[in-house]
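Okay, so here's the structure we're looking at.
Protein chains: 4
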Amino acid sequence: MTRFVDVALRWSDMDAYGHVNNVQFLRLLEDARVAAFAEWFGQDRTMLETGVLVARHEIEYLAPLTFRHAPVRISLWPTAISGASFELGYEVRDPEGVGDRLYARAETSLVAYDFATASPRRLTESERARLRELAGEPVAFRWRRR
Amino acid sequence: MTRFVDVALRWSDMDAYGHVNNVQFLRLLEDARVAAFAEWFGQDRTMLETGVLVARHEIEYLAPLTFRHAPVRISLWPTAISGASFELGYEVRDPEGVGDRLYARAETSLVAYDFATASPRRLTESERARLRELAGEPVAFRWRRR
Amino acid sequence: MTRFVDVALRWSDMDAYGHVNNVQFLRLLEDARVAAFAEWFGQDRTMLETGVLVARHEIEYLAPLTFRHAPVRISLWPTAISGASFELGYEVRDPEGVGDRLYARAETSLVAYDFATASPRRLTESERARLRELAGEPVAFRWRRR
Amino acid sequence: MTRFVDVALRWSDMDAYGHVNNVQFLRLLEDARVAAFAEWFGQDRTMLETGVLVARHEIEYLAPLTFRHAPVRISLWPTAISGASFELGYEVRDPEGVGDRLYARAETSLVAYDFATASPRRLTESERARLRELAGEPVAFRWRRR
Chain X
1 MTRFVDVALR
11 WSDMDAYGHV
21 NNVQFLRLLE
31 DARVAAFAEW
41 FGQDRTMLET
51 GVLVARHEIE
61 YLAPLTFRHA
71 PVRISLWPTA
81 ISGASFELGY
91 EVRDPEGVGD
101 RLYARAETSL
111 VAYDFATASP
121 RRLTESERAR
131 LRELAGEPVA
141 FRWRRR
Chain H
1001 MTRFVDVALR
1011 WSDMDAYGHV
1021 NNVQFLRLLE
1031 DARVAAFAEW
1041 FGQDRTMLET
1051 GVLVARHEIE
1061 YLAPLTFRHA
1071 PVRISLWPTA
1081 ISGASFELGY
1091 EVRDPEGVGD
1101 RLYARAETSL
1111 VAYDFATASP
1121 RRLTESERAR
1131 LRELAGEPVA
1141 FRWRRR
Chain A
2001 MTRFVDVALR
2011 WSDMDAYGHV
2021 NNVQFLRLLE
2031 DARVAAFAEW
2041 FGQDRTMLET
2051 GVLVARHEIE
2061 YLAPLTFRHA
2071 PVRISLWPTA
2081 ISGASFELGY
2091 EVRDPEGVGD
2101 RLYARAETSL
2111 VAYDFATASP
2121 RRLTESERAR
2131 LRELAGEPVA
2141 FRWRRR
Chain W
3001 MTRFVDVALR
3011 WSDMDAYGHV
3021 NNVQFLRLLE
3031 DARVAAFAEW
3041 FGQDRTMLET
3051 GVLVARHEIE
3061 YLAPLTFRHA
3071 PVRISLWPTA
3081 ISGASFELGY
3091 EVRDPEGVGD
3101 RLYARAETSL
3111 VAYDFATASP
3121 RRLTESERAR
3131 LRELAGEPVA
3141 FRWRRR
C-alpha cells in the first residue's frame, strides 16, 4: 500500500519571491491525497466518488523549496480514525537520490461525506480497516503556541 | 486601520465539486494579508518589501462556499507578537448585506525576514507598535485534537 | 449593458519573474466573461447554467503588468455571431485614473453547449439579439504571422 | 533531443464543470516548455536564466479532458525562427498506451529577453542552431476566421 507519493512541481508553483508558494504546498498535498486514495480505496471507489470533505489543515514550513525537475516525495498516513472522519499526517521531503530535506509537515482532517445526499456519512468498515492498516504516529508539530 | 478586507472570488476558485476549493481559502487569506499590510505598514514599506515568511497555517472550514459576485469579508488581526515573528488570526465571512455566514477561521505564523540578506530579522519598533495597536483575541479553534 | 469589467489582481498572479504571469491573463479574461455574462444573459440564465464551451483563445501581450491594488479594466464585446457560436474580443487596460496602458488584446471563440444533454446547441434568439446589440469590431491582432 | 514532454495533471486542473479548465491547458504548455528548454538549451542556460518573454498564444481545444493519473503528452517544436524571437507549436495528446486523443493544438510566440538589462536581445547563434535542428511544420489551426 502506498505510503508516499512523488508529486511533480510546476514552475508556476513559485511566487514572486522565487520559492514554491506556501499555499501551493497545500495543493501538492491535495494531489498526494488524490493519488493515495485511488490506491487505498480504489476498488469500491467510495472515498473518491462519494467523497470526503476537508475540515481542517495545519501545516508548518521548515525549509524553502525552489522549482526543480525532481518531484517532492510526500509521505502520508492516517493519524486518527473515528466513525465518520479521519486525520492524515504528511511530510514533504526530497525523494531518495535528490536530497534529504524536510520542507513541511502537515495534517488534514477529513470528514466522510455523501455527495449524492449532501450529508455526512459513516466510514464503511472496509474504509476503516484500510485506514487502520496504514495508521501511524501523530504529526510532531513544533510551532503551536497553545 | 483596516481590520477586514473584502476579497473578490474568482469563478476558478471552485473545484470539480462546485465549491470554493479548500486550498483557495489560503489564497484568499494571502490576498487579505497583502491588502492589509499595505495599509498597516504602508509608510515605511519594510513589511512588504523586506518581507515576512509564512511559517505556519492552521485553518478550519465551517461552511461550504460557492462562487458568487459578492466578495468575502476577511477579518484579520494579530493574535501574538514577539521580537521576530507574529501570528495573525482570520475569519472569512459574508460582508454585511450579503449574509452572516462564517466560512472559515484560520491563523498564520509570520516570521520577519530580510530578503536582501536572506536572513531572519527583528521586527522594527514601529512594526511592533502597529501590531500591538491592532491585536486581538486568539482564534478559537474547535477541532484540534490535542 | 456592461462593456467592461474591472477585475481585481491577486498577488499570486505574479510568477517568479515578478510579473503577472501570461497564463493568468486568460484567468482574468475568464472572470471578466463570468461577470459580463451574468449581466448580459442574466434573466434567462441559459448562457451561464446551460453553458458555453471555450473552443479557442488568441492573445497578444503588449506590456508587462505587475501586481497593484488597482484592478485591470477588461473591455469585452462580441466580434462575430453565428447560429451556435460567437467570438468575444477583449482589451486589458488600466482603469481611468490609474493609467492608460494597454496590456493585452485577446479573442475567445465560444460554442453554445447544453450541459444537460452534453451536446452543442443553437444560440437562442434572445441570446443572439443581445450579442448583436453589443457587437463591435474584430480584434486588430498585430503579430499573427500568416 | 526532447520533442515531447509528459506533464502530470493535477486534480485541481479541473473546474466546476469537471473538465480540465481551458486556462490550465496553457499552464500545462508552460511546464512542457520549461522541461524542454532545460534540455534544449541546458548547457549554456541562456534561455532559461536570461529569459524569454511570451508575446502571444493561440490555442484550439479539440476534446474535453478530465483528470486522470496518466499524464498528457505534449509535443512541442519550433515553427518559425527569427533573429530575436521564435514560435513554438504544440499538440496535447494521450501518451502511448493511454489513448490516441488529440486534446488541443497551440502556438506560442517567444521573444528573447535579457532580464539583467530588461531589454530584448538577439538569439545567440547556438540557440538558433538548436531551434533549427528541432524545427517543424506550422500548426494547422482550423478555427481562425480571417
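Chains as they are written, first to last, in the working numbering: chain X, 1 to 146; chain H, 1001 to 1146; chain A, 2001 to 2146; chain W, 3001 to 3146.
From the three backbone atoms N, C-alpha and C, an ideal C-beta is built for every residue, glycine too.
*Candidates W:ARG3144, W:THR3079, W:VAL3005: which alpha carbon is nearest GLU3133 (chain W)'s?*
Nearest C-alpha to GLU3133 (chain W) among W:ARG3144, W:THR3079, W:VAL3005: W:THR3079.
*chain X within 9 Å of GLU3107 (chain W), Cβ atoms only*: Look at GLU3107 (chain W): its C-beta is not under 9 Å from any C-beta on chain X.
*What's the gap between the Cα of LEU3029 (chain W) and the Cα of ALA2038 (chain A)?*
One C-alpha to the other measures close to 30 Å.
*Run the CB neighbour count on LEU65 (chain X), radius 10 Å, all protein chains shown included, and call it buried at 16 or more, exposed below.*
It counts as buried.
_Boundaries (first-last residue) of the beta strand (DSSP E) holding TRP2077 (chain A)_ = 2072 to 2081
*Mind checking MET14 (chain X): buried by the 16 CB within 10 Å criterion, or exposed?*
buried
_For GLU2990 (chain W), the three-state DSSP class (helix, strand or coil)_ = Within the shown structure, residues of chain W are numbered from 3001 to 3146, placing residue 2990 (chain W) beyond reach of any answer.
*Three-way DSSP call (helix, strand, coil) for VAL3098 (chain W) in this model*: If DSSP states are grouped into helix, strand and coil, VAL3098 (chain W) belongs with coil.
*So VAL2054 (chain A) packs on ILE2074 (chain A), CB below 8 Å; how close in whole Å?*
Rounded, the Cβ-Cβ distance is 16 Å, inconsistent with contact.
*Return the first residue and the last residue of the alpha helix (DSSP H) that LEU28 (chain X) is part of.*
22 to 40
*asked:* Using CA atoms only, rank isn't needed, just tell me which of H:ARG1101, H:PHE1067, H:THR1002, H:VAL1098 is closest to ASN1021 (chain H).
replied: H:PHE1067
*chain H contact residues for MET3001 (chain W), given Cβ-Cβ distances below 9 Å*: Against MET3001 (chain W), chain H offers no close residue; the least beta-carbon distance is about 35 Å (beta-carbon pairs closer than 9 Å).
*Is DSSP giving ALA2140 (chain A) helix, strand or coil here?*
For ALA2140 (chain A), the secondary structure class from DSSP, reduced to helix, strand or coil, is coil.
_Only counting the same chain, and skipping five residues up and downstream in sequence, which positions put a Cβ closer than 6 Å to that of ALA1032 (chain H)?_
Taken in chain order, the residues that qualify are VAL1005, VAL1007, ILE1074, LEU1076.
*Given ALA1140 (chain H) as reference, the closest of H:GLY1099, H:SER1082, H:ARG1122, H:GLU1058 once Cα atoms are compared*: From the listed residues H:GLY1099, H:SER1082, H:ARG1122, H:GLU1058, the smallest Cα separation to ALA1140 (chain H) is found for H:GLU1058.
*Could you please give me the residues that DSSP links to PRO120 (chain X) through a beta bridge?*
According to DSSP, PRO120 (chain X) bridges with X:TYR113.
_DSSP three-state label for LEU2009 (chain A), please._
coil
*Please check if any C-beta of chain A sits within less than 9 Å of the C-beta of TRP3077 (chain W).*
TRP3077 (chain W) has a beta carbon lying at 9 Å or more from every beta carbon in chain A.
*Interfacial residues, the region 1064 to 1094 of chain H to chain A, with Cβ spacing under 7 Å*: So the close ones are HIS1069.
_6 Å CB neighbourhood of ALA3135 (chain W) in its chain, flanking five on each side removed_ = Only residues of its own chain outside the window of five on either side were considered, and among them PRO3078 have a CB closer than 6 Å to the CB of ALA3135 (chain W), listed in chain order.
*asked:* Considering only DSSP beta bridges, list what TYR3090 (chain W) is partnered with.
replied: Its beta-bridge partners are W:LEU3076, W:ALA3106.
_Residue from H:LEU1102, H:GLY1083, H:GLN1024 with nearest C-alpha to LEU1123 (chain H)_ = Cα-wise, what sits closest to LEU1123 (chain H) is H:GLY1083.
*Does any CB atom of chain H fall closer than 9 Å to the CB of ASP3031 (chain W)?*
no
*asked:* Between which residues of its own chain and VAL2098 (chain A) is the CB-CB distance below 7 Å, once the five residues before and five after are set aside?
replied: ALA2070
*asked:* For GLU3060 (chain W), which residues in the same chain have their Cβ closer than 8 Å to its Cβ, ignoring the five residues on either side in sequence?
replied: ALA3104, ARG3105, ALA3106, PHE3141, ARG3142, TRP3143
_Please report the straight-line C-alpha distance between ALA1036 (chain H) and GLY1042 (chain H), rounded to a whole angstrom._
Rounded to the nearest angstrom, the two C-alpha atoms are 9 Å apart.
_Beta-carbon separation (whole angstroms), VAL1072 (chain H) vs LEU1009 (chain H), contact threshold 8 Å_ = 7 Å
*Determine the burial state of LEU102 (chain X): buried for a count of at least 16 other Cβ atoms within 10 Å of its Cβ, exposed for fewer.*
In this structure LEU102 (chain X) is exposed. Its beta-carbon is surrounded by fewer than 16 other beta-carbon atoms within 10 angstroms.
*Where does LEU1134 (chain H) sit, in a helix, a strand or coil, going by DSSP?*
helix
_To the nearest angstrom, how far is the alpha carbon of MET40 (chain X) from that of LEU88 (chain X)?_
For clarity, residue 40 (chain X) is Trp in the given sequence; the question names Met instead. Their backbone Cα atoms lie some 13 Å apart in a straight line.
*Going by C-alpha distance, which of X:THR2, X:ALA16, X:ALA129, X:HIS19 is nearest PHE86 (chain X)?*
X:ALA129
*asked:* List, in chain order, every chain A residue whose beta-carbon is nearer than 7 Å to that of GLY18 (chain X).
replied: The contacting residues are ALA2016.
_Going by beta-carbon coordinates alone, are VAL3034 (chain W) and TRP11 (chain X) separated by less than 9 Å?_
yes
*Minimum Cβ-Cβ distance from VAL2098 (chain A) to chain B less than 9 Å*: Given the protein chain composition of this structure (X, H, A and W), no chain B is represented.
*CB-CB under 7 Å to SER3109 (chain W), same chain, minus the five flanking residues each way: which ones, in chain order?*
For SER3109 (chain W), where only same-chain residues beyond five positions count, the Cβ hits under 7 Å are ALA3055, ARG3056, SER3085, GLU3087.
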